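Participant: Using our numbering, the first residue of the sequence shown is number 866, and each one after it goes up by one.
For each residue, glycine too, the CB sits at the ideal point set by N, CA and C.
Source: prediction; values computed, not measured.
Dropping the structure in here first, questions after.
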Amino acid sequence: DGHTTMLLGAARYLADTKDFDGKVVLIFQPAEEGLGGARAMLA
Numbered sequence: 866d867g868h869t870t871m872l873l874g875a876a877r878y879l880a881d882t883k884d885f886d887g888k889v890v891l892i893f894q895p896a897e898e899g900l901g902g903a904r905a906m907l908a
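In structure tokens:
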């Protein structure tokens, strides 16, 4: 899945960036291709 790959790529980039001094929360939405994934996360 393209969205998961992009998010994992961003996570790896930030982990490899030694001068990054911040906090990031990455959220992977289940079943994001359909309409039900976000509903499960918000419930």
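Please report how far the alpha carbon of Leu-873 lies from the alpha carbon of Lys-883, in whole angstroms.
Facilitator: Roughly 17 Å separates the two Cα atoms.
Participant: Would you tell me roughly how many angstroms separate the C-alpha atoms of Asp-881 and Asp-866, rounded to the nearest one?
Facilitator: Taking the straight line from one Cα to the other gives about 23 Å.
Participant: Taking DSSP as the reference, what is the three-state secondary structure of Asp-886?
Facilitator: Looking at Asp-886 - three-state DSSP - the assignment turns out to be coil, as it is neither helix nor strand.
Participant: Once the 5 residues before and after Val-889 are set aside, which same chain residues still bring their CB inside 7 Å of it?
Facilitator: Same-chain partners within the cutoff: Leu-879.
Participant: Output the distance between the C-alpha atoms of Ala-876 and Phe-885, rounded to the nearest integer angstrom.
Facilitator: Answer to the nearest angstrom: the Cα atoms are 12 Å apart.
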